[in-house]
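Reading through the structure tokens given below for one structure.
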Amino acid sequence: MATMLSADSVRRSAAVECTHCGLPALAGDADDGPVFCCSACATAYALINAHGLGAYHSFAERRGAAVQPSGRGFDDFDHDAFQQRYVTIDADGQAHVELALEGVHCASCVWLIERVPLLVTGVARAELDVRQNRASVCWDPSAAALSEIARTLDALGYTPHPYRGGERAALRRRDDRTMLIRIGVAGAIATNAMLAALAIYAGELNTMDASSLTLFRWISLGLTIPTLLWPGRVFFTSAWAALRARTVHMDVPIALALAAATTRGAINTITGSGPIYFDGVCVLVFLLLIGRFLQARGQRAATDATEQLFALTPATARLVASDGTTRDVPADAVTVGATIAVHAGETIPVDGDVIAGESRINRAILTGESEDVRVAVGDRAYAGTLNRSAMLRIRVTASGEDSRLARILAQVDEGARRRAPVVLLADRLASRLVLVVLSLAAVTFVLWLRRDATAAWDNTIALLISTCPCALALATPLAMSTAVGRAARAGIYVKGGDALESLSRPGWLVLDKTGTLTMGETTLLAWHGDDTLRPMILALEATSTHPIAAGFRRAWDGVPVAAATNVTHTIGGGIDGIVNGQRIVLGSPRFIASQLPHAADSVPATGEAYTPVVIAVDGAIVARAAFGDAVRPDAAASLATLRARGWKTILLSGDAAAVSQRIGASLGFAPDEIVAEASPEEKAARVAALVHQAGGGKTPPCVAMVGDGVNDAAAIAAATVGIGVHGGAEASLATADIALTREGLHALVALDDGARRSMAVIRRNIVWAFAYNAVGVGLAMTGHITPLVAAILMPVSSLTVVLASWLGKTFTPEPR
Amino acid sequence: MSVLYIVVPMALVIVAIALAGYLWAVRSGQMDDLETPGLRVIRDDE
Numbered sequence: 001m002a003t004m005l006s007a008d009s010v011r012r013s014a015a016v017e018c019t020h021c022g023l024p025a026l027a028g029d030a031d032d033g034p035v036f037c038c039s040a041c042a043t044a045y046a047l048i049n050a051h052g053l054g055a056y057h058s059f060a061e062r063r064g065a066a067v068q069p070s071g072r073g074f075d076d077f078d079h080d081a082f083q084q085r086y087v088t089i090d091a092d093g094q095a096h097v098e099l100a101l102e103g104v105h106c107a108s109c110v111w112l113i114e115r116v117p118l119l120v121t122g123v124a125r126a127e128l129d130v131r132q133n134r135a136s137v138c139w140d141p142s143a144a145a146l147s148e149i150a151r152t153l154d155a156l157g158y159t160p161h162p163y164r165g166g167e168r169a170a171l172r173r174r175d176d177r178t179m180l181i182r183i184g185v186a187g188a189i190a191t192n193a194m195l196a197a198l199a200i201y202a203g204e205l206n207t208m209d210a211s212s213l214t215l216f217r218w219i220s221l222g223l224t225i226p227t228l229l230w231p232g233r234v235f236f237t238s239a240w241a242a243l244r245a246r247t248v249h250m251d252v253p254i255a256l257a258l259a260a261a262t263t264r265g266a267i268n269t270i271t272g273s274g275p276i277y278f279d280g281v282c283v284l285v286f287l288l289l290i291g292r293f294l295q296a297r298g299q300r301a302a303t304d305a306t307e308q309l310f311a312l313t314p315a316t317a318r319l320v321a322s323d324g325t326t327r328d329v330p331a332d333a334v335t336v337g338a339t340i341a342v343h344a345g346e347t348i349p350v351d352g353d354v355i356a357g358e359s360r361i362n363r364a365i366l367t368g369e370s371e372d373v374r375v376a377v378g379d380r381a382y383a384g385t386l387n388r389s390a391m392l393r394i395r396v397t398a399s400g401e402d403s404r405l406a407r408i409l410a411q412v413d414e415g416a417r418r419r420a421p422v423v424l425l426a427d428r429l430a431s432r433l434v435l436v437v438l439s440l441a442a443v444t445f446v447l448w449l450r451r452d453a454t455a456a457w458d459n460t461i462a463l464l465i466s467t468c469p470c471a472l473a474l475a476t477p478l479a480m481s482t483a484v485g486r487a488a489r490a491g492i493y494v495k496g497g498d499a500l501e502s503l504s505r506p507g508w509l510v511l512d513k514t515g516t517l518t519m520g521e522t523t524l525l526a527w528h529g530d531d532t533l534r535p536m537i538l539a540l541e542a543t544s545t546h547p548i549a550a551g552f553r554r555a556w557d558g559v560p561v562a563a564a565t566n567v568t569h570t571i572g573g574g575i576d577g578i579v580n581g582q583r584i585v586l587g588s589p590r591f592i593a594s595q596l597p598h599a600a601d602s603v604p605a606t607g608e609a610y611t612p613v614v615i616a617v618d619g620a621i622v623a624r625a626a627f628g629d630a631v632r633p634d635a636a637a638s639l640a641t642l643r644a645r646g647w648k649t650i651l652l653s654g655d656a657a658a659v660s661q662r663i664g665a666s667l668g669f670a671p672d673e674i675v676a677e678a679s680p681e682e683k684a685a686r687v688a689a690l691v692h693q694a695g696g697g698k699t700p701p702c703v704a705m706v707g708d709g710v711n712d713a714a715a716i717a718a719a720t721v722g723i724g725v726h727g728g729a730e731a732s733l734a735t736a737d738i739a740l741t742r743e744g745l746h747a748l749v750a751l752d753d754g755a756r757r758s759m760a761v762i763r764r765n766i767v768w769a770f771a772y773n774a775v776g777v778g779l780a781m782t783g784h785i786t787p788l789v790a791a792i793l794m795p796v797s798s799l800t801v802v803l804a805s806w807l808g809k810t811f812t813p814e815p816r
Numbered sequence: 817m818s819v820l821y822i823v824v825p826m827a828l829v830i831v832a833i834a835l836a837g838y839l840w841a842v843r844s845g846q847m848d849d850l851e852t853p854g855l856r857v858i859r860d861d862e
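Going down the list, the protein sequences come from chains A and Z. Quick note: my numbering has the first sequence finishing at residue 816, numbered continuously throughout. Quick note: my numbering has the second sequence finishing at residue 862, numbered continuously throughout.
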């Protein structure tokens, strides 16, 4: 049949890159002009070029993802209730707002977002914080509406949400600055104390005169006292708090060592004989503060989670009065039983029943299902879902905190809050170390006291100093932050280092199905028919945006496309048209049966697990195709690897039982490991039950939840470690401890590898730290610690840990 | 060796000046976001 196609009607859909995003695109008619993979990219391209920002497309590093605008109208951004809450007006009449943006990736995003003032007149400034995905926008409210700015950002693919964590962010910024100041002061003092120490050691070798020696000893003392009183004070307050709570952590031996060394050093400075330990003390404070800072930063990112989630519903609702007039009211204030109107492109602000209108709704936020659902009078609509095609009137059944979305989010919040903190290996060891150190100190003192009282004091203090867990306190944070940095380069974003430590104890691995194990998009799974039909089918589907059409195009990439005429689309049914003089009908079995009554008997029966498509040419059924969600190609192998490493896998899906069973069985899940038709609430409950089953204690096996949608967000928050996969909703990525930006399940194997290796590095660091401590104890107990030995031993032990962390192989970059 | 009594305090004063500069940088927010400005400058080539 291919020979029947005239040469000029054949268009090659060869591998062409979308001019905007660089993904494969359908070829256009012209060879030179721009080509796009989707209309959203075309819109973004036109917007950028119309304002002279064409340079964007010459950047080598651009977002490698198609523009995915939400399509919202953002009218609620202009409402008074919204403005009151999020917008501040300064003295010059300029308005300021902080917006959390989706889809921020790289340097070119910074460039593009900060040029929004060129795209929207009236915007004075837009500044992006790329790490926090947050833009602060300043504009003239009389010249531009916030909704216009929001729509522009959305069209570029950066869907904005109001940022609600402003106060906490300010608090955090203050904490960060305080810590940086402490580190700076401690660092300046430490370097100078070391210089003074160098002079003293060098002077001792070269017979420096006594007055100069005394000068340097007093200078060292003068430097050490401020470093202890200001930056170093945190260790004393923290140790004191621990003692009052009758617990012991790392800060207790640290404070003990700092206090002992400084006291002894001060006494020796005044008496003019014996070692001073000031250089060691100053360097200790400096290094320990760095370790503390890294640790705080690593842990804090994990608690950032839920703020973004609360921006998922609009701030206002359009209330319909009994006389038919409408007015905007705050969404929280809508009462049950009231009627609201929701226009096309708006997010539904409340839960309710549709009482007028017919439309398509995207429920991805609740169900993870990316395809739109048709709703008509009597159907239930949920807050947070997006009304796509037509206006709906909805009678409110729940609003504000009672809506289903709000209840799921409350669960997310609770899950995140209730999660037991991970007791890190280093902290567990430190509490034992304290007891060992104290008893060794007592033994040393008693044994030496019989011989020489002065030596007893000296050696006991030397022991306390040399057992200061400096290297131990640095070991975990350094290794973790290095590993987290490497992981980010490998496409794995780890928010809290403790998640890596948890992951190194395999327990249960709970996986969502749609979008996690499967591609999450409609894929051609089976084709029964003649291959010569392909160009004709593609000809019909070329004009369609339906997922099935996209599925055909993806499956038959590179197949020539014929030309079609008289194409008609029947929504919810199929498509028909004339290709090469033949009438082709393509669609669901029901549609074919209605179009071709005489052929109705030969229409194949509908299977449950697939979406069937029937193709008829000139009234005769000639081919069938089955569509479904294809399993990711690397899923089976990756799961097998993970199972072999001791993970018990569980499939937790919101999808129908038949589909879940089929996919679960093909991936080697036992029947009792497959849970289907689970609502978001059930998913969270199941995961919470597993965490409970894993038990408390200090080293419980890890329960990891892997998912991609808001419907998984509560389960992700409830798990010991929540993992959001590539392409997931930003909201679920926000609650996850770890976000994978690599395609496919192999990233999970890489994550497991990396977590194990990171823990190996940490253990090795701890062994090194203990080895140095043991040497120090041995020397101190036998009375061999000289100031020089102490001065070398301490920095060298810390340096070893720094080098070992840096050189340790944890995560390897993604092979390309 | 009396020169030490002049040189060492001088060194400490210089350190104090450098430290003051650092404190000013931190307090004025220059250390808040270390990532974005680095990316910003790459594209500022118009």
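Backbone N, C-alpha and C fix where the C-beta goes; we use that ideal spot for every residue, glycine too.
Residue i burial status per 10 Å Cβ neighbour count (16 or more: buried)
{"i": "glutamate 114 of chain A", "result": "buried"}
{"i": "serine 142 of chain A", "result": "exposed"}
{"i": "asparagine 566 of chain A", "result": "exposed"}
{"i": "serine 58 of chain A", "result": "exposed"}
{"i": "leucine 198 of chain A", "result": "exposed"}
{"i": "serine 211 of chain A", "result": "exposed"}
Cutoff 9 Å: residue i Cβ touching any chain Z Cβ
{"i": "glutamine 132 of chain A", "result": "yes"}
{"i": "alanine 302 of chain A", "result": "Because alanine 302 of chain A carries a pLDDT of 47, less than 50, the predicted location of this residue cannot be relied on, and the following value inherits that uncertainty. Not an interface residue."}
{"i": "asparagine 192 of chain A", "result": "yes"}
{"i": "aspartate 858 of chain A", "result": "Since the first and last residues shown for chain A are 1 and 816, residue 858 of chain A lies out of range."}
{"i": "aspartate 557 of chain A", "result": "no"}
{"i": "leucine 99 of chain A", "result": "no"}
{"i": "valine 185 of chain A", "result": "yes"}
{"i": "cysteine 38 of chain A", "result": "no"}
{"i": "serine 481 of chain A", "result": "no"}
{"i": "glutamate 114 of chain A", "result": "yes"}
{"i": "tryptophan 111 of chain A", "result": "yes"}
{"i": "serine 212 of chain A", "result": "yes"}
{"i": "leucine 440 of chain A", "result": "no"}
Residue range of the unbroken beta strand (DSSP E) whose run includes residue i
{"i": "alanine 155 of chain A", "result": "That residue, alanine 155 of chain A, is in no beta strand (DSSP E); its alpha helix (DSSP H) goes 146 to 155."}
{"i": "glutamate 681 of chain A", "result": "No beta strand (DSSP E) contains glutamate 681 of chain A, which is instead part of the alpha helix (DSSP H) from 680 to 694."}
{"i": "threonine 518 of chain A", "result": "518 to 528"}
{"i": "arginine 393 of chain A", "result": "392 to 398"}
Coarse secondary structure for residue i, derived from DSSP in three states
{"i": "methionine 194 of chain A", "result": "helix"}
{"i": "proline 162 of chain A", "result": "strand"}
{"i": "glutamate 98 of chain A", "result": "strand"}
{"i": "isoleucine 537 of chain A", "result": "helix"}
{"i": "leucine 128 of chain A", "result": "strand"}
Residue span of the alpha helix (DSSP H) that contains residue i, given as start and end
{"i": "arginine 244 of chain A", "result": "233 to 244"}
{"i": "threonine 43 of chain A", "result": "39 to 50"}
{"i": "arginine 583 of chain A", "result": "No alpha helix (DSSP H) contains arginine 583 of chain A, which is instead part of the beta strand (DSSP E) from 582 to 587."}
{"i": "asparagine 268 of chain A", "result": "251 to 271"}
{"i": "valine 775 of chain A", "result": "746 to 781"}
{"i": "phenylalanine 82 of chain A", "result": "80 to 86"}
Chain A contact for residue i (CB, 9 Å cutoff)
{"i": "valine 829 of chain Z", "result": "no"}
{"i": "methionine 811 of chain Z", "result": "Chain Z is shown only over 817 to 862; residue 811 of chain Z falls outside these bounds and no answer can be derived."}
Within-9 Å CB hit, residue i to chain C
{"i": "aspartate 129 of chain A", "result": "Structure shown: chain C not included; protein chains present are A and Z."}
Examine the Cβ distances between the region 46 to 56 of chain A and the region 269 to 276 of chain A and report whether three or more of them are shorter than 8 Å. Flag = no, the region 46 to 56 of chain A and the region 269 to 276 of chain A do not touch.
(message) Counting beta carbon pairs with one atom in the region 607 to 624 of chain A and one in the region 532 to 550 of chain A, are three or more of them shorter than 8 Å?
(response) yes
* Does the region 396 to 404 of chain A touch the region 349 to 360 of chain A, meaning 3 or more C-beta pairs lie closer than 8 Å? -> Proximity of the region 349 to 360 of chain A to the region 396 to 404 of chain A meets the contact definition, three or more beta-carbon pairs being nearer than 8 Å.
Review point. On the three-pair Cβ rule with 8 Å, is the region 127 to 137 of chain A touching the region 87 to 94 of chain A?
Key: Counting Cβ pairs under 8 Å, fewer than three are found: no touch.
Review point. At a cut of 8 Å, does the region 166 to 175 of chain A reach the region 250 to 267 of chain A through at least three beta carbon pairs?
Key: no
Three or more C-beta pairs below 8 Å linking the region 280 to 290 of chain A and the region 223 to 231 of chain A = yes
Closer than 8 Å is the cut-off here; do at least three beta carbon pairs connect the region 497 to 512 of chain A with the region 642 to 654 of chain A?
With the cut-off at 8 Å, the region 497 to 512 of chain A and the region 642 to 654 of chain A touch.
Count the C-beta pairs between the region 254 to 265 of chain A and the region 457 to 475 of chain A that are closer than 8 Å, then say yes if the count reaches three, no if not. yes
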